[in-house]
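Student: Chain order of the listed sequences is A and B.
Quick note: the first sequence uses my numbering, first residue 42, plus one each step.
Quick note: the second sequence uses my numbering, first residue 3, plus one each step.
No residue lacks a Cβ here, since even glycine has one placed at the ideal position from N, Cα and C.
Input: one structure, supplied below.
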Amino acid sequence: MTSAIRRMVRGESAKVFAPLVIAVVVLSAYTEFREDNFVAWANLENILLQTSVLGIIAIGQTFLIAAGQIDLSVGTFAAFSAVLAATQVTGGRSELLSITVCLVVGVLVGLMWGAIVTKIKVPPFILTLGGLSVFQSLALVRAKNSPVPVRDSFEWIRTGDVLGVRTPIVVLLVVLIAASIVLHFTRFGRQVYALGSSEEASYLAGLPTARTKVLVYVISSTLVAIAGLILMARIGSGDPRSGGGLELKAIAAVVLGGASLSGGRGTAFGSFLGVFVLGVVQASLTFLDINDSWSDFVFGGVLIVAVLITAISDLRRDNQGQRRPLSQIFSMRGAATAPMMPAEETTNQQQLEEQS
Amino acid sequence: MTGAPPAVREDRAVHPVDAPPAFELSNISKSYPGAIALSDVSLSLLPGQVHALLGENGAGKSTLIKIASGAIQPDSGTVRVAGQEIRSLTRRDVQALGVRVIYQERQIARDLTVGENVMLDRLPGKNLVSWRATWKEAAARLAIVGLDLDPQASVRGLSVAQWQLIELARAVDYGARAIIMDEPTASLSRAEVERLFQVVDTLRERGVAVLYISHHLDEIFRIADTVTVLRDGRRVFHGAVASLTPERLVEEMFGQVVHTVHRSDQARRDEGPAISLADVSLGNRLHRVSCEVYPGEVVGFTGATGSGTSDLASVFVGALRPTSGTVTLSGKKRVTSRRAAASSVAFLPSDRKRRGLLLDKTIGENLMLGRLAVKGSTIVRHGALRRESHELMKAANVKSDSPDRAVRTLSGGNQQKVIIGRWLNLKSRILVFDEPTAGIDIPSKMEIYATLRRLAGEGAAVVVCSTDFQEVGLVADRVFVMRDGELVGEVAGELATEHRLIAMEMGV
Numbered sequence: 042m043t044s045a046i047r048r049m050v051r052g053e054s055a056k057v058f059a060p061l062v063i064a065v066v067v068l069s070a071y072t073e074f075r076e077d078n079f080v081a082w083a084n085l086e087n088i089l090l091q092t093s094v095l096g097i098i099a100i101g102q103t104f105l106i107a108a109g110q111i112d113l114s115v116g117t118f119a120a121f122s123a124v125l126a127a128t129q130v131t132g133g134r135s136e137l138l139s140i141t142v143c144l145v146v147g148v149l150v151g152l153m154w155g156a157i158v159t160k161i162k163v164p165p166f167i168l169t170l171g172g173l174s175v176f177q178s179l180a181l182v183r184a185k186n187s188p189v190p191v192r193d194s195f196e197w198i199r200t201g202d203v204l205g206v207r208t209p210i211v212v213l214l215v216v217l218i219a220a221s222i223v224l225h226f227t228r229f230g231r232q233v234y235a236l237g238s239s240e241e242a243s244y245l246a247g248l249p250t251a252r253t254k255v256l257v258y259v260i261s262s263t264l265v266a267i268a269g270l271i272l273m274a275r276i277g278s279g280d281p282r283s284g285g286g287l288e289l290k291a292i293a294a295v296v297l298g299g300a301s302l303s304g305g306r307g308t309a310f311g312s313f314l315g316v317f318v319l320g321v322v323q324a325s326l327t328f329l330d331i332n333d334s335w336s337d338f339v340f341g342g343v344l345i346v347a348v349l350i351t352a353i354s355d356l357r358r359d360n361q362g363q364r365r366p367l368s369q370i371f372s373m374r375g376a377a378t379a380p381m382m383p384a385e386e387t388t389n390q391q392q393l394e395e396q397s
Numbered sequence: 003m004t005g006a007p008p009a010v011r012e013d014r015a016v017h018p019v020d021a022p023p024a025f026e027l028s029n030i031s032k033s034y035p036g037a038i039a040l041s042d043v044s045l046s047l048l049p050g051q052v053h054a055l056l057g058e059n060g061a062g063k064s065t066l067i068k069i070a071s072g073a074i075q076p077d078s079g080t081v082r083v084a085g086q087e088i089r090s091l092t093r094r095d096v097q098a099l100g101v102r103v104i105y106q107e108r109q110i111a112r113d114l115t116v117g118e119n120v121m122l123d124r125l126p127g128k129n130l131v132s133w134r135a136t137w138k139e140a141a142a143r144l145a146i147v148g149l150d151l152d153p154q155a156s157v158r159g160l161s162v163a164q165w166q167l168i169e170l171a172r173a174v175d176y177g178a179r180a181i182i183m184d185e186p187t188a189s190l191s192r193a194e195v196e197r198l199f200q201v202v203d204t205l206r207e208r209g210v211a212v213l214y215i216s217h218h219l220d221e222i223f224r225i226a227d228t229v230t231v232l233r234d235g236r237r238v239f240h241g242a243v244a245s246l247t248p249e250r251l252v253e254e255m256f257g258q259v260v261h262t263v264h265r266s267d268q269a270r271r272d273e274g275p276a277i278s279l280a281d282v283s284l285g286n287r288l289h290r291v292s293c294e295v296y297p298g299e300v301v302g303f304t305g306a307t308g309s310g311t312s313d314l315a316s317v318f319v320g321a322l323r324p325t326s327g328t329v330t331l332s333g334k335k336r337v338t339s340r341r342a343a344a345s346s347v348a349f350l351p352s353d354r355k356r357r358g359l360l361l362d363k364t365i366g367e368n369l370m371l372g373r374l375a376v377k378g379s380t381i382v383r384h385g386a387l388r389r390e391s392h393e394l395m396k397a398a399n400v401k402s403d404s405p406d407r408a409v410r411t412l413s414g415g416n417q418q419k420v421i422i423g424r425w426l427n428l429k430s431r432i433l434v435f436d437e438p439t440a441g442i443d444i445p446s447k448m449e450i451y452a453t454l455r456r457l458a459g460e461g462a463a464v465v466v467c468s469t470d471f472q473e474v475g476l477v478a479d480r481v482f483v484m485r486d487g488e489l490v491g492e493v494a495g496e497l498a499t500e501h502r503l504i505a506m507e508m509g510v
């Protein structure tokens with residue numbers, strides 16, 4: 042097991058993680074230099090707390106993207122889950138029951154997406170784009186257009202801690218460790234990567250591709266429901282507008298963490314690191330007293346640079362010394378530059394490469 | 003495919019032999035990190051001549067094609083087109099000079115019309131496309147390749163052979179000097195191959211130089227004027243086809259000839275069939291197929307492309323569910339529509355790149371795909387899998403130094419061995435091979451046949467579905483012949499000569 046971890050860290054992953062770690066270190070060092078106390082446990086805790094919701098969603102999305110799937114409805118579904126829990130509690134249900142309802146809805150929504158995608162073979166991109174609107178609307182309707190305050194409920198999530206670590210951070214870390222183990226050390230995890238790499242080859246080899254596909258949707262939706270609960274607890278109300286844009290940030294973080302949108306690649310730790318970079322960017326801007334409007338700019342810049350680094354290093358590897366015009370970077374298939382949907386037919390470019 | 007080579011060749015070349023080469027590669031060398039792909043290779047294509055390029059997989063043919071088409075640059079050596087030296091070619095430059103490449107995989111835009119595909123690289127008109135000119139020019143070019151299609155029809159629904167001819171039509175514009183064809187007959191039926199040869203003859207008469215790459219020696223003798231043989235990146239033979247015998251060519255390609263498969267019927271009929279089909283139909287693709295395969299035997303199914311051998315393979319493994327009839331596995335009727343659990347039925351699909359391999363993964367990950375398909379512990383032990391990958395690489399004779407290498411870097415024969423290697427440790431009771439040796443070299447073929455026989459010897463029921471008549475005759479204990487989705491005859495393996503099988507297929 043240790044040797045496997047060593048190989049994992051040394052191999053592909055290191056190449057992806059290094060720029061992210063460097064980005065974090067440079068940003069932190071600069072901020073620390075300008076304003077003291079940036080590098081401190083209190084601040085780290087704050088960053089982790091800020092990013093716990095997005096982190097859990099991104100880890101769920103990692104399962105989907107590694108399997109060649111995608112779910113665009115995670116942001117608004119998180120908001121729906123938040124509103125659902127809030128209305129349950131204010132309606133007099135116990136916290137435990139409210140949480141259970143949310144988790145069950147999460148599992149059911151995952152089953153629904155999984156079943157539609159496997160049985161009717163609808164492209165998940167379009168399907169969940171529809172889901173994004175539907176959940177946004179359902180959240181607004183259920184919350185009657187304004188946040189549903191939960192007053193003293195879920196205080197243990199908002200301010201509680203486990204051995205001195207704040208509850209949302211604990212949940213995030215538990216999800217991270219569990220997801221890493223499942224993806225790397227279980228048959229199911231390896232089947233996820235095989236499915237994402239080639240659905241047809243996996244199916245013909247006898248892998249349970251339909252089951253794997255349904256399960257990744259269930260895992261993601263359940264994690265999103267959990268993220269919704271934390272979102273609600275942290276702001277003290279079920280806000281139907283609180284999930285907007287989370288899906289794109291999550292996907293960006295997953296790609297930043299080394300996943301390929303055409304499937305077959307990506308790790309939970311990479312996605313966590315991607316989210317963490319976003320958190321550090323935001324915290325730095327706050328420390329440096331720069332308008333928060335710049336945070337998406339900086340994060341987007343980090344994403345673009347990371348994608349370029351991955352694409353260029355993939356080009357180098359594939360070419361092995363061959364000359365190729367720069368323009369092909371944009372038509373190449375590489376980690377982060379791959380097309381949104383796995384192409385039905387191999388492109389000419391790929392065929393050329395494969396003829397060796 | 004069949005027939006002895008005619009004795010006289012010289013009359014083929016319409017143009018005088020001393021004409022300047024249409025395309026000339028001189029002293030080309032190319033190396034990749036850790037491997038020399040080509041070493042001091044020269045080759046010239048004369049107008050109106052068909053030049054065959056032979057060599058087993060990994061001999062350097064692909065690299066040569068890439069250099070000739072401008073996809074990659076040689077480390078040293080020169081490329082001349084019509085006598086003029088060209089430096090740092092891009093594919094577009096090469097195209098503009100009249101060199102056309104017909105790749106093994108079809109380069110067809112599926113959503114466009116026949117005419118647009120023919121004129122794909124150069125739609126007529128200055129700023130706006132002139133559709134009238136497009137259809138007219140496309141029709142003219144389709145006539146050259148003898149394809150009677152409406153230019154305005156969609157290319158969807160056409161056969162692979164028709165797509166290939168559309169690509170040829172694209173290649174034969176007025177500027178075409180040399181056409182490079184990479185294994186053009188790989189997915190064609192015999193009738194389609196003959197038609198392709200007629201088109202090649204037409205090209206020859208028009209003074210086009212053709213570089214023809216193939217594994218099929220009989221094709222070389224039918225169509226080529228001169229031949230170059232590559233082995234390990236070097237040119238080991240170069241000369242007129244007329245002066246050669248097939249045996250001599252094989253010797254040049256491989257150094258020595260190994261051409262037998264040890265076959266002994268060990269079918270265990272007393273155990274009952276491992277798998278049997280009863281009246282299985284599949285839409286209009288298979289009609290009331292009934293057969294039984296026993297443990298310990300290799301059963302071949304052969305027929306022309308489109309005769310249903312491939313569909314039958316998919317039915318055997320459960321990837322396609324029959325519309326009527328029953329499939330019985332070891333006495334139990336199969337009802338599930340899921341691909342059969344790999345522990346009972348292993349499958350080597352045709353089209354290894356798309357359907358067999360995880361192309362972006364390593365050799366090890368591809369070898370372990372079989373393990374992932376069978377029941378086993380929930381936790382994956384990576385160390386144990388690694389050791390097993392090493393073992394399987396050795397058992398399947400995959401030629402590479404580490405399971406961590408990307409599977410895409412392997413030659414076709416080695417890729418196929420990886421897919422077979424996947425099943426070697428799993429004790430599958432039934433193994434189904436669909437076109438097991440399509441497009442791979444003869445030594446790899448022989449190794450794969452030996453593996454099939456060994457698996458049968460260990461008690462597995464082995465099914466080989468192949469459009470290569472020679473192949474099933476060589477490896478199978480019993481051969482079924484198929485036509486239009488029906489079984490039209492059965493013959494014992496030792497009697498299954500290619501001639502006999504073709505006669506059965508044609509209903510003689």
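Given A:Glu288, which residues of its chain have a CB within under 6 Å of its CB, disregarding the five upstream and five downstream residues?
Tutor: Looking up residue 288 of chain A in the first sequence gives position 247. If we look at A:Glu288 and ignore the five residues flanking it on each side, its Cβ neighbours are Leu113, Val115 and Gly116.
Student: Apart from the five residues just before and just after B:Pro126, which ones in its own chain have a Cβ nearer than 7 Å to its Cβ?
Tutor: Residue 126 of chain B sits at position 124 when you count from the first residue of the second sequence. Taken in chain order, the residues that qualify are Ser132, Ala135, Thr136 and Glu139.
Student: Tell whether a beta-carbon distance below 8 Å holds between B:Arg431 and B:Thr364.
Tutor: If you number the second sequence from 1, residue 431 of chain B lands on position 429. If you number the second sequence from 1, residue 364 of chain B lands on position 362. Going by C-beta atoms, B:Arg431 is not nearer than 8 Å to B:Thr364.
Student: Can you tell me whether B:Asn416 is helix, strand or coil according to DSSP?
Tutor: The residue given as residue 416 of chain B occupies position 414 in the second sequence. In the structure shown, B:Asn416 sits in a helix (DSSP, three-state: H, G or I).
Student: Helix, strand or coil for B:Ala24 per DSSP?
Tutor: Looking up residue 24 of chain B in the second sequence gives position 22. Of the three classes helix, strand and coil, the one that applies to B:Ala24 here is coil, per DSSP.
Student: Check whether the stretch 185 to 204 of chain B and the stretch 213 to 225 of chain B touch, using three or more Cβ-Cβ pairs below 8 Å as the test.
Tutor: Contact holds: three or more Cβ-Cβ distances are below 8 Å.
Student: Below 8 Å on the Cβ atoms is my guess for B:Phe25 versus B:Ala211; work out the distance and round it to an integer in Å.
Tutor: The residue labelled residue 25 of chain B in the question sits at position 23 within the second sequence. The residue labelled residue 211 of chain B in the question sits at position 209 within the second sequence. Confirmed, about 6 Å.
Student: Which same chain residues end up closer than 8 Å to B:Ala155 when comparing Cβ atoms and leaving out the 5 residues on each side of it in sequence?
Tutor: Here residue 155 of chain B refers to the residue found at position 153 when the second sequence is read from its first residue. Closer than 8 Å at Cβ, skipping near neighbours: Thr115 and Val116.
Student: Using the beta-carbon of each residue, which ones in chain A are nearer than 7 Å to B:Pro438?
Tutor: As a position in the second sequence, residue 438 of chain B is number 436, starting the count at 1. Under the 7 Å cutoff, chain A gives no residues; its nearest Cβ is about 14 Å from B:Pro438.
Student: So what's A:Ala235 in DSSP terms, helix, strand or just coil?
Tutor: In the first sequence, the residue the question calls residue 235 of chain A occupies position 194. Helix.
Student: Excluding the 5 residues preceding and the 5 following B:Ala306 in the sequence, name in chain order all residues of the same chain whose CB lies nearer than 6 Å to its CB.
Tutor: Numbered from 1 along the second sequence, position 304 holds the residue referred to as residue 306 of chain B. Ser191, listed in sequence order.
Student: Would DSSP call A:Lys160 helix, strand or coil?
Tutor: In the first sequence, the residue the question calls residue 160 of chain A occupies position 119. In this structure, A:Lys160 counts as helix in the three-state DSSP scheme.
Student: In chain A, which residues lie with their C-beta within 8 Å of the C-beta of B:Arg2?
Tutor: Look at the range of chain B in this structure, 3 to 510, and you will see that residue 2 of chain B is not part of it.
Student: If you draw a straight line from the C-alpha of B:Arg515 to the C-alpha of A:Ser303, how long is it?
Tutor: Chain B is shown from 3 up to 510; residue 515 of chain B falls before or after that span and cannot be answered.
Student: Rounded to whole angstroms, what's the CA-CA distance from B:Gly495 to B:Leu503? Just pull it up for me.
Tutor: Within the second sequence, numbered from 1, the residue matching residue 495 of chain B stands at position 493. Within the second sequence, numbered from 1, the residue matching residue 503 of chain B stands at position 501. Between B:Gly495 and B:Leu503, the C-alpha separation is close to 10 Å.
Student: Give the secondary structure of B:Ser404 by DSSP, where H, G and I count as helix, E and B as strand, and everything else as coil.
Tutor: Residue numbering aside, residue 404 of chain B sits at position 402 when the second sequence is read from its first letter. In the structure shown, B:Ser404 sits in coil (DSSP, three-state: anything other than H, G, I, E or B).
Student: Would you list the one or two residues that DSSP bridges to B:Leu331?
Tutor: Looking up residue 331 of chain B in the second sequence gives position 329. BP columns for B:Leu331 point to B:Ile277 and B:Lys334.
Student: Mind listing, in chain order, the continuous beta strand (DSSP E) runs of no fewer than 3 residues lying wholly within the stretch 24 to 87 of chain B?
Tutor: Runs of the beta strand (DSSP E) inside the stretch 24 to 87 of chain B: 25 to 34, 37 to 47, 52 to 56 and 78 to 83.
Student: Please classify B:Gly177: is it buried, with 16 or more other beta-carbons within 10 angstroms of its beta-carbon, or exposed?
Tutor: Counting from 1 along the second sequence, the entry for residue 177 of chain B is found at position 175. That one is exposed.
Student: I need the DSSP call for B:Ala178, collapsed to helix, strand or coil.
Tutor: The count along the second sequence starts at 1 and reaches residue 178 of chain B at position 176. Note: B:Ala178 maps to coil in three-state DSSP.
Student: Give the straight-line distance between the Cα atoms of B:Glu221 and B:Asp443, rounded to the nearest whole angstrom.
Tutor: Within the second sequence, residue 221 of chain B is the residue found at index 219, counting from 1. Within the second sequence, residue 443 of chain B is the residue found at index 441, counting from 1. Roughly 15 Å separates the two Cα atoms.
Student: What does A:Gln110 reach in chain B if we use C-beta pairs closer than 8 Å?
Tutor: Along the first sequence, one-based indexing puts residue 110 of chain A at 69. Within chain B, no residue comes near A:Gln110; the closest Cβ sits about 16 Å away, beyond 8 Å.
Student: By Cβ distance below 7 Å, which residues in the same chain neighbour B:Gly72 in space, the five residues on each side in sequence not counted?
Tutor: Here residue 72 of chain B corresponds to residue number 70 of the second sequence, with the count starting at 1. Excluding sequence neighbours, B:Gly72 sits near Leu91, Thr92, Arg93, Asp95 and Val96.
Student: Short check: CB of B:Ala397 to CB of B:Leu426, under 8 Å?
Tutor: Counting from one through the second sequence, the residue named residue 397 of chain B turns up at place 395. Counting from one through the second sequence, the residue named residue 426 of chain B turns up at place 424. Yes. Within cutoff.
Student: Residues of chain A with a CB under 9 Å from the CB of B:Arg102: which are they?
Tutor: One-based indexing of the second sequence puts residue 102 of chain B at position 100. By Cβ distance, chain A contributes nothing, its closest Cβ being about 14 Å from B:Arg102, past 9 Å.
Student: Just to confirm before moving on: does the CB-CB distance between A:Ala107 and A:Leu245 stay below 8 Å?
Tutor: Within the first sequence, the letter at position 66 stands for residue 107 of chain A. Within the first sequence, the letter at position 204 stands for residue 245 of chain A. Not in contact: A:Ala107 and A:Leu245 (Cβ atoms no closer than 8 Å).
Student: My understanding is that B:Gln109 touches B:Glu169, with C-beta atoms under 8 Å, so please give their C-beta distance in whole angstroms.
Tutor: Taking the first residue of the second sequence as position 1, residue 109 of chain B is located at position 107. Taking the first residue of the second sequence as position 1, residue 169 of chain B is located at position 167. The pair is a contact, with the Cβ atoms about 6 Å apart (cut-off 8 Å).
Student: From what residue to what residue does the alpha helix (DSSP H) around B:Glu207 run?
Tutor: The sequence position of residue 207 of chain B within the second sequence is 205, counting from 1. Element bounds for B:Glu207: Arg192 to Glu207.
Student: What do you get for B:Pro248, buried or exposed, if any count of 16 or more other CB atoms within 10 angstroms of its CB means buried?
Tutor: By 1-based counting over the second sequence, the position of residue 248 of chain B is 246. So B:Pro248 ends up on the exposed side.
Student: Buried or exposed: where does B:Glu492 fall if 16 or more other Cβ atoms within 10 Å of its Cβ makes it buried?
Tutor: Position 490 of the second sequence holds residue 492 of chain B. The residue in question, B:Glu492, is exposed, as its Cβ has fewer than 16 Cβ neighbours within 10 Å.
Student: Under 8 Å, Cβ to Cβ, is there at least one residue of chain B near A:Arg231?
Tutor: Taking the first sequence and counting its residues from 1, one reaches residue 231 of chain A at position 190. Yes, because at least one Cβ of chain B sits closer than 8 Å to the Cβ of A:Arg231.
Student: Taking DSSP's pairing of strands, which residues face A:Phe74 in a bridge?
Tutor: For this step, residue 74 of chain A is matched to residue 33 along the first sequence. DSSP lists no partner for A:Phe74.
Student: Anything in chain A within Cβ reach of B:Asp362, meaning under 7 Å, just list it in chain order.
Tutor: Along the second sequence, read from residue 1 onward, the residue named residue 362 of chain B stands at position 360. Ordered by position in chain A, the residues that pass the 7 Å Cβ test against B:Asp362 are Ser238 and Gly305.
Student: Does A:Arg374 come out as helix, strand or coil in the three-state DSSP assignment?
Tutor: For the purposes of this step, residue 374 of chain A is taken as the residue at position 333 of the first sequence. In this predicted model, A:Arg374 has a pLDDT of only 34, less than 50, meaning its place in the structure is not dependable; the value taken from the coordinates is given anyway. If DSSP states are grouped into helix, strand and coil, A:Arg374 belongs with coil.
Student: Between the alpha carbons of B:Thr330 and B:Val465, how many angstroms are there, rounded?
Tutor: What you label residue 330 of chain B is simply residue 328 of the second sequence in a count that begins at 1. What you label residue 465 of chain B is simply residue 463 of the second sequence in a count that begins at 1. Between B:Thr330 and B:Val465, the C-alpha separation is close to 15 Å.
Student: For the stretch 218 to 229 of chain A, which residues have a beta carbon sitting closer than 7 Å to at least one beta carbon of chain B?
Tutor: Flagged, chain order: Phe226, Thr227 and Arg228.
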